[in-house]
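**Q** Sharing a structure, written as structure tokens. Questions coming.
Chains as they are written, first to last, in the numbering used here: chain L, 674 to 974; chain A, 154 to 458.
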């Protein structure tokens, strides 16, 4: 065994070296046992965490009869993909998913633009009341939507927006958190760059678009991802400003699945999977931005 | 060159340019301020104003407009047994979810904080529940414990888990803990990464057992992360709504009637926004206090280090 390590071609040697345990004959079996125990612990914990998702996916591929009958089916031997087609068309999930995508995309775009503009003003421009206005932005973080939604329902009604995309999107086009996050990032843009840009005759808008935004792409990406996730997962607000099925988002679509009859339970499970699959894909693709965004407040650099 | 005054030689800024900068600044802030004004500050001001007036319907709809009642309604809301129950339920919910959520997230983070083959797979699995919204998590649980069609057809005292006064809140809490486990794991992992490896290594070399390393080095150094998770967790448990709405609608016997659900029920189902506004201000004050506590603690923790 120990000879192999030496004989390994450089390509393999590029892998980080394994911890020394288990390599010497004296170390014997105990480190090997310890590694096994660690893996067992990891696998057991992973199984517990994943169990609800796993069983939901399995049930989404079973016939209703097989979900109800005992013994429990732990694996879909004859996957019923038709359940997904059912949820997609008869369960109106195509509509719900499109609505969620429209709302989340609209909110993400709007928040990104408004936050970039506001952050630029706070980071690069001098004007009376700048500090006060910045505090005003931060104050919005302390007034959660759960405190204000019912008056906002009245406002939306009087604007004639009740049960429309405008009602779902417009109230969220600004973000105090995003503006704060981007201001922090914009302040790290070196002064030299600003002066150089000024010498080149760049005005504020050109400096913002050509230099500040490209440099701050990681922060803007994290903010955008955050905005998208928040918008996709919204529940209280879409519940109180929409009433027609045509405008339901996925989260509210799930609410209607609770009362379905026995022959519909497969569709319920399939709908649940459809509701979280897009987010799961997005998170796998953007996992780095997610971690950065989520831990921005938790760990101080 | 004619030198007249210092400020002329080194002009601080041309007034015209200053004016232009100011105008651009306000223009850039305008979209955000318009949205905040209409959808954050106006309704907040309304929350403070509304409880001073009584809903017209509540005195027989004889009057068209709301009647001014001074502080009476504030008092009647905050001293009512319903409000006390709501606060108690929310506190119980916080106690059930926050410490357990942090402990489990920390457990996963510690277990995944080692260099082993395939560890990234486990890290991905441990953070996977961030992909599930509260509604998704709730519906999964709802389906799995359904007493007729579920995987686990549990009944306690003849009723389902979600109808049992004893188990309903615990069930709602369990769903919440699972749903937020991914986030808790990510936050705790990030905290662990700030602890220098050589510090832990040195302790190990000195003969400290893994348990001792955890309690005497890892945990104390993790305090800022723990505080953060505690406060953020508490705030979000006071805002918990979707899981209550989907799983129990506040029942049975109001045993799961959390503060935010109560505001929703009063304002939307019962249509009494004037009372709901008082509860909403209660929620605001709690969130505010928690935020201030967080800022204070953060500063003190930094001093200690």
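All C-beta atoms, glycine included, are put in the ideal place defined by N, C-alpha and C. Source: prediction; values computed, not measured.
Do we get a CB-CB distance below 8 Å when we pair residue 896(L) with the residues of chain A?
**A** No - not a single Cβ of chain A is within 8 Å of the one on residue 896(L).
**Q** Are the C-beta of residue 942(L) and some C-beta of chain A separated by less than 8 Å?
**A** Yes, contact with chain A.
**Q** Rounded C-beta distance between residue 852(L) and residue 810(L)? I'm assuming under 8 Å.
**A** That pair is a contact at about 5 Å.
**Q** Less than 8 Å between CB atoms is the rule here; does residue 331(A) satisfy it with respect to chain L?
**A** So, interface residue.
**Q** List, in chain order, every chain A residue whose beta-carbon is nearer than 7 Å to that of residue 886(L).
**A** Within 7 Å Cβ-Cβ: nothing; residue 886(L) doesn't reach chain A, min ~13 Å.
**Q** Going along the chain, which residues of its own chain have a beta-carbon closer than 6 Å to the beta-carbon of residue 328(A), five neighbours each way excluded?
**A** Cβ within range, chain order: 290, 291, 294 and 396.
**Q** Report the three-state DSSP secondary structure of residue 220(A) (helix, strand or coil).
**A** If DSSP states are grouped into helix, strand and coil, residue 220(A) belongs with the strands.
**Q** Straight-line CA distance for residue 695(L) to residue 958(L)?
**A** With a pLDDT of 39 at residue 695(L), under the threshold of 50, the predicted position of this residue should be treated as unreliable, though the coordinate-derived value follows. Computed Cα separation, rounded: 36 Å.
**Q** Here's a check: name, in chain order, each residue in its chain whose Cβ is nearer than 7 Å to the Cβ of residue 399(A), leaving out the five neighbours to either side.
**A** Answer for residue 399(A): 288, 291, 292 and 295, listed in chain order.
**Q** What residue from 938(L), 920(L), 727(L) and 739(L) has the CA that sits closest to residue 837(L)'s CA?
**A** Taking only the C-alpha atoms, the option nearest residue 837(L) is 920(L).
**Q** Could you check how far apart the C-beta atoms of residue 342(A) and residue 251(A) are, in whole angstroms? I think they sit under 8 Å.
**A** Actually they do not touch by this definition, with Cβ atoms about 18 Å apart.
**Q** Determine the direct distance from the alpha carbon of residue 718(L) to that of residue 754(L), and round the result to whole angstroms.
**A** Whole-angstrom Cα-Cα distance: 30 Å.
**Q** Alpha carbons only, please: which of 390(A), 434(A) and 385(A) is nearest the one belonging to residue 448(A)?
**A** The residue with the shortest Cα to Cα distance from residue 448(A) is 385(A).
**Q** Residue 373(A): buried (16+ other C-beta within 10 angstroms of its C-beta) or exposed?
**A** Residue 373(A) should be labelled exposed.
**Q** Quick one, are the C-beta atoms of residue 841(L) and residue 914(L) less than 8 Å apart?
**A** Result yes, Cβ atoms of residue 841(L) and residue 914(L) sit closer than 8 Å.
**Q** Using DSSP bridges, identify the partner residues of residue 235(A).
**A** Residue 235(A) pairs with nothing; no bridge assigned.
**Q** Drop a sphere of 10 angstroms on the beta-carbon of residue 408(A), count the other beta-carbons inside from all chains shown, and report buried for 16 or more, exposed for fewer.
**A** Flag for residue 408(A) reads buried.
**Q** Show which residues of chain A have a CB atom less than 9 Å away from the CB atom of residue 711(L).
**A** Simply 264, 267 and 269.
**Q** On the DSSP letters alone, give me the boundaries of the alpha helix (DSSP H) that residue 354(A) sits inside.
**A** Here the alpha helix (DSSP H) through residue 354(A) covers 350-358.
**Q** At a CB distance below 9 Å, what residues from the stretch 403-431 of chain A approach chain L? Give them in sequence order.
**A** For the stretch 403-431 of chain A, which is checked against every Cβ of chain L, the residues closer than 9 Å are 412, 413, 416, 417, 419, 420, 421, 426, 429 and 430.
**Q** Rounding to the nearest angstrom, what Cα-Cα distance links residue 308(A) and residue 792(L) in this structure?
**A** Answer to the nearest angstrom: the Cα atoms are 54 Å apart.
**Q** Would residue 877(L) count as contacting chain A if we go by Cβ distances under 8 Å?
**A** Chain A contact via Cβ: present.
**Q** Apart from the five residues on each side of it in sequence, which residues of its chain come closer than 7 Å, Cβ to Cβ, to residue 726(L)?
**A** Nothing listed; no residue qualifies.
**Q** Give a yes or no on whether the minimum CB-CB distance between residue 931(L) and chain A is below 8 Å.
**A** Interface residue, yes.
**Q** My output table needs one value for residue 207(A): the three-state DSSP class, helix, strand or coil.
**A** The answer is strand: DSSP assigns residue 207(A) an E or B state.
**Q** Helix or strand or just coil, what does DSSP make of residue 690(L)?
**A** Interpretation of residue 690(L) is limited by its pLDDT of 42, a score under 50 that renders its predicted location unreliable; no figure is taken from the coordinates.
**Q** Since residue 960(L) and residue 740(L) are thought to touch, with beta carbons under 8 Å apart, how far apart are those beta carbons, to the nearest angstrom?
**A** In fact, because the Cβ distance is near 32 Å, the residues do not count as touching under 8 Å.
**Q** Using the C-alpha atoms, what's the distance from residue 281(A) back to residue 224(A)?
**A** Computed Cα separation, rounded: 48 Å.
**Q** Looking at residue 192(A): is its Cβ nearer than 8 Å to the Cβ of residue 908(L)?
**A** Against a cut-off of 8 Å, the Cβ pair of residue 908(L) and residue 192(A) comes out as no contact.
**Q** Going by beta-carbon coordinates alone, are residue 844(L) and residue 440(A) separated by less than 8 Å?
**A** Contact: no.
**Q** Confirm, please, whether the CB-CB distance from residue 728(L) to residue 304(A) is below 8 Å.
**A** Going by C-beta atoms, residue 304(A) is nearer than 8 Å to residue 728(L).
**Q** Would you decide whether residue 442(A) is buried or exposed? Buried here means 16 or more other CB atoms lie within 10 Å of its CB.
**A** Classification for residue 442(A): exposed.
**Q** Hey, quick one: how far does the alpha helix (DSSP H) through residue 834(L) stretch, first residue to last?
**A** Element bounds for residue 834(L): n/a, residue is neither H nor E.
**Q** Let's test the definition: count the other Cβ atoms within 10 Å of the Cβ of residue 750(L) and tell me whether it reaches 16, buried, or not, exposed.
**A** With fewer than 16 other Cβ atoms within 10 Å, it is exposed.
**Q** Can you confirm whether residue 282(A), when its beta carbon is compared against all beta carbons of chain L, has any partner nearer than 8 Å?
**A** It does: the Cβ of residue 282(A) has a partner Cβ on chain L nearer than 8 Å.
**Q** At which residues does the alpha helix (DSSP H) containing residue 173(A) begin and terminate?
**A** Counting along the chain, the alpha helix (DSSP H) containing residue 173(A) begins and ends at 168-189.
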